[in-house]
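Student: So that we are looking at the same thing, I have put the structure below in structure tokens.
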Amino acid sequence: MKDFFKKLAVVLVLLALVLGGVLYGARRLLPSVKNLVVDYNESLTSQVANKTAAVLNKQDEKETLEKHYDLIDDSLANQMITLELGNATVTINTSQNETLYELDELYTGQPVSVRIASTELNGADDLDIQVNGELIEDGGTVTIDQLGRETYLDLDISNGTHARHYRIRTLPERFPKIEKVGTSPEAGIYYSNLFANQDHDAHYIFKMNEAGEVTYYRQDKKQLLGYFQQAKAPNGDRRDIYFQNLNGMTTTVGASYGTGEFVVMDEDYQVIDRVQALPSEKYDILNPTLDHHDFVYIDDGHYIVLKYAEVYPGDLDDADVPVSVASSTNLLATYVQEIKDGEILFEWLSTDEPAFYEASVESNNYENTDRSSADYTHVNSVAIDPTDNNLILSARHLDAIIKLDRNSGNVVWVLGGALDDFGLSEEQQMYRQHDATYTEHGTIVAFDNGHSEARPVSRAVEYTLNEADKTVEDFAAHGQELGYFGMYTGSANYLEGSDRLLSIGWGQGRNHYQLYSEIDTETNTVTTEIIVNPKHENTYRVVKYLAD
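For what it's worth, the working numbering labels the leading residue of the sequence shown as -4, then goes sequentially.
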């Protein structure tokens, strides 16, 4: 019996120890369990809250969408109306109201036509269109006084009992901030372009008046818009001309050139011609797209154009191609063509002059080991000498200006670079220049970009040449004291009728905010400038013309 109680006591002690351990463990475990329960509840609550919020958000989105569409359900709803305003179009979604639109082109000064281009709406003939409160008949016009990011056209469309109101911004919201400072002695109109960048996704061409107001713009979010210029027809009518890329910029290491056409517009901004090259049998050049660098308007249907042509030396008949130029080399040659009424009057290919190969200072690897093509001349401008009717070309990669006989195609002379005929001094030598033109007083002006190593300052250079003796009678440099440097592109020319007001477009790769400066060469003072912020905005040329 005693043994039984002893065993019972041991069992009870063991049970007590086990129970104590369990209670102790439970006490230790309880906070964790409690935390786990709390975490679970909080997670469950959060999930419920998130699901509730998602439902509410969807309801809000739906309500917002319904509010945006104003729950429109009338005879104007669920239709698309395309309007033409000048050369631009805007497609109106009639299920929306109070919507803001932008145009690809707009201008002041000239009446802008308004036309219903297409509609899916039954009874379209009953539509009333009002612009700024003025009823516009289909095919009517509206005159716009001013362009601006916060200046709008109020567009009202109705068909009797139902109506919509829309707003059209007259200048794109992301059009770069451009400011004109200073006062010029001569009022004029500034023509230029701006390339797309990280701040805006569109390419622009634009005009600016002496007051610094944009009076015309065109934007393109897909293709480059390039050199924008004014020309005069023989009868005095104005022509506005710009480059429109068609296939995307062709960019290789050491070469960048356009593949498109030049568009010629009349004084009412109506397109009267789209110009591409004619196929050449002489040089076996069939691709019609033009390069963007320059275009000479002589008359409607009569032009001088540039293009870049891929040529293999092995295909050339000229036996003077240097041995250093491998037959498999992909040459990017310059092709010049004069066309009139659909016929070729003159054509020239840079491979006609073998001396250019060795004179090249850039993009001249003729085995294509460091680039896909040898853009060894890179001609970026062409102009007519008014005294003998021949042509001058600016060849950037030769550091030279070349004169061509417009009949034979022979090189008459070379100014600058390794082939220089005029004995230029170091001060007179130009580097990577652009826009070589003749002035009204018989000199040649070019934009001398300079070079990051040889001369890291840009300027306008002016030469008075004695072509018979191959001497420089006079030389002047303008604008170098400003210390501006534009590595690429740029322009320089005197204002029409002036021998002292010199316009300089500072090009791309600038170390400053100025796009343009006008310099009085007599007093050596800056009269006016065009400033853009940020300074990485890039332009091709800025050219000033006398105001109409």
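Virtual Cβ for every residue (Gly too), placed ideally from N, Cα, C.
1. So, do the stretch 485 to 499 and the stretch 427 to 435 have three or more beta carbon pairs nearer to each other than 8 Å?
2. Does the contact criterion of 3 or more C-beta pairs under 8 Å hold for the stretch 124 to 140 versus the stretch 192 to 209?
3. So, is Gly16 buried or exposed, given that buried needs 16 or more other C-beta atoms within 10 angstroms?
4. So what does DSSP say about Gly337, is it helix, strand or coil?
5. Using a Cβ distance threshold of 8 Å, determine whether the stretch 486 to 502 contacts the stretch 464 to 471, with at least three qualifying pairs required.
6. Can you give me the C-alpha to C-alpha distance between Asn444 and Gly481, rounded to a whole angstrom?
7. Whose C-beta lies closer than 8 Å to the C-beta of His544 among residues of the same chain, with five residues either side of it excluded?
8. In the structure shown, what three-state DSSP assignment does Glu256 receive?
9. With a cut-off of 8 Å on the beta carbons, I'd call Ser389 and Val374 a contact; round off their distance for me.
10. Pair every Cβ in the stretch 148 to 156 with every Cβ in the stretch 180 to 190, then say whether three or more of these pairs are closer than 8 Å.
11. How should Lys227 be labelled, buried or exposed, when 16 other C-beta atoms within 10 angstroms of its C-beta is the threshold for buried?
12. So, helix, strand or coil for Ser393, using DSSP?
13. Between Thr246 and Ala369, what straight-line distance do the alpha-carbon atoms span, to the nearest angstrom?
14. Who are the Cβ neighbours of Glu435 in its own chain at under 8 Å, not counting the five residues just before and after it?
15. Round the Cβ separation of Leu301 and Val377 to the nearest angstrom and send it over; I've been treating them as touching at under 8 Å.
16. Mind listing, in chain order, the continuous alpha helix (DSSP H) runs of no fewer than 4 residues lying wholly within the stretch 264 to 305?
17. So, at 7 Å on beta carbons, what are the nonlocal neighbours of Ala272 in its own chain, with the 5 sequence-adjacent residues on each side left out?
18. With distance defined between alpha-carbon atoms, name the residue in Asn533, Asn88, Glu524 nearest to Gly221.
19. Nearest by alpha-carbon distance to Val258: which of Asn230, Pro274, Leu219, Phe341 is it?
20. Taking Cβ positions, are Phe351 and Leu393 nearer each other than 9 Å?
21. Whole angstroms is fine: what's the gap from Tyr96's alpha carbon to Tyr212's?
22. Would you mind listing the alpha helix (DSSP H) stretches within the stretch 149 to 208 that are 4+ residues and don't spill past its ends, in chain order?
23. Where Val356 and Leu414 are concerned, what is the direct C-alpha to C-alpha distance, given to the nearest angstrom?
24. Would Ile339 and Ser403 qualify as a contact pair, given that the criterion is a beta-carbon distance under 9 Å?
25. Is the CB-CB distance between Thr516 and Leu496 below 9 Å?
26. Using the Cβ count rule (16 or more neighbours within 10 Å means buried), how would you classify Thr210?
27. Have a look at Ala72, Gln105, Asp400, Thr136 and flag the residue whose alpha-carbon is nearest the alpha-carbon of Leu78.
28. Between Glu100 and Pro180, what straight-line distance do the alpha-carbon atoms span, to the nearest angstrom?
29. Spatial neighbours of Arg162 within its chain, please: C-beta separation below 8 Å, excluding the five flanking residues on both sides.
30. Taking the beta strand (DSSP E) that Ala354 belongs to, which residues open and close that run?
Tutor: So, from the data block:
1. yes
2. no
3. The residue labelled residue 16 in the question sits at position 21 within the sequence shown. Summary for Gly16: the model assigns pLDDT 49, below 50, so the residue's position carries little reliability; its value from the coordinates is reported in the next sentence. Exposed, because fewer than 16 other Cβ atoms sit within 10 Å of the Cβ of Gly16.
4. As a first step, residue 337 is located in the sequence shown; it is residue number 342 there, counting from the start. If DSSP states are grouped into helix, strand and coil, Gly337 belongs with coil.
5. no
6. Your numbering for residue 444 matches position 449 in the sequence shown. Your numbering for residue 481 matches position 486 in the sequence shown. About 6 Å.
7. Not covered by the structure: residue 544. The range shown for the chain is -4 to 543.
8. Here residue 256 refers to the residue found at position 261 of the sequence shown. Of the three classes helix, strand and coil, the one that applies to Glu256 here is strand, per DSSP.
9. Against the sequence shown, residue 389 aligns to sequence position 394. Against the sequence shown, residue 374 aligns to sequence position 379. About 7 Å separates the two Cβ atoms, so the contact holds.
10. no
11. For the purposes of this step, residue 227 is taken as residue 232 along the sequence shown, with counting starting at 1. The residue in question, Lys227, is exposed, as its Cβ has fewer than 16 Cβ neighbours within 10 Å.
12. The count along the sequence shown starts at 1 and reaches residue 393 at position 398. The sequence given here has Leu at residue 393, not Ser. Leu393: helix per DSSP, three-state reduction.
13. Counted from its first residue, the sequence shown places residue 246 at position 251. Counted from its first residue, the sequence shown places residue 369 at position 374. Because Thr246 sits at a pLDDT of 49, beneath the cut-off of 50, its placement in the model cannot be relied upon, and the following sentence gives the value as read from the coordinates. Cα-Cα distance, rounded: 12 Å.
14. On the sequence shown, residue 435 is found 440 positions in, with the first residue counted as 1. Same-chain partners within the cutoff: Tyr489, Glu491, Gly492, Asp494.
15. Within the sequence shown, the letter at position 306 stands for residue 301. Within the sequence shown, the letter at position 382 stands for residue 377. About 6 Å separates the two Cβ atoms, so the contact holds.
16. none
17. For this step, residue 272 is matched to residue 277 along the sequence shown. Counting only Cβ-Cβ distances below 7 Å, and skipping sequence neighbours, we find Pro283, Leu285, Val300, Lys302, Gln332.
18. Here residue 221 refers to the residue found at position 226 of the sequence shown. The shortest C-alpha separation from Gly221 is found at Asn533.
19. Residue 258 sits at position 263 when you count from the first residue of the sequence shown. It is Leu219.
20. Numbered from 1 along the sequence shown, position 356 holds the residue referred to as residue 351. Numbered from 1 along the sequence shown, position 398 holds the residue referred to as residue 393. In this structure, Leu393 lies closer than 9 Å to Phe351 by Cβ.
21. Counting from one through the sequence shown, the residue named residue 96 turns up at place 101. Counting from one through the sequence shown, the residue named residue 212 turns up at place 217. For Tyr96 and Tyr212, the distance between alpha carbons rounds to 16 Å.
22. none
23. Against the sequence shown, residue 356 aligns to sequence position 361. Against the sequence shown, residue 414 aligns to sequence position 419. Cα to Cα, Val356 sits roughly 11 Å from Leu414.
24. Here residue 339 is taken as the residue at index 344 of the sequence shown, counted from 1. Here residue 403 is taken as the residue at index 408 of the sequence shown, counted from 1. No, Cβ-Cβ distance for Ile339 and Ser403 is not below 9 Å.
25. Taking the first residue of the sequence shown as position 1, residue 516 is located at position 521. Taking the first residue of the sequence shown as position 1, residue 496 is located at position 501. In this structure, Leu496 lies closer than 9 Å to Thr516 by Cβ.
26. Here the question's residue 210 lines up with position 215 in the sequence shown. Per the 10 Å Cβ criterion, buried.
27. As a position in the sequence shown, residue 78 is number 83, starting the count at 1. Minimum Cα distance to Leu78 is reached at Thr136.
28. Here the question's residue 100 lines up with position 105 in the sequence shown. Here the question's residue 180 lines up with position 185 in the sequence shown. Those two C-alpha atoms are separated by around 30 Å.
29. As a position in the sequence shown, residue 162 is number 167, starting the count at 1. If we look at Arg162 and ignore the five residues flanking it on each side, its Cβ neighbours are Glu93, Thr94, Leu95, Tyr96, Tyr147, Leu148, Asp149, Leu150.
30. Locating residue 354 in the sequence shown gives position 359, counting from the first residue. Here Ala354 belongs to no beta strand (DSSP E); instead the alpha helix (DSSP H) covers 350 to 354.
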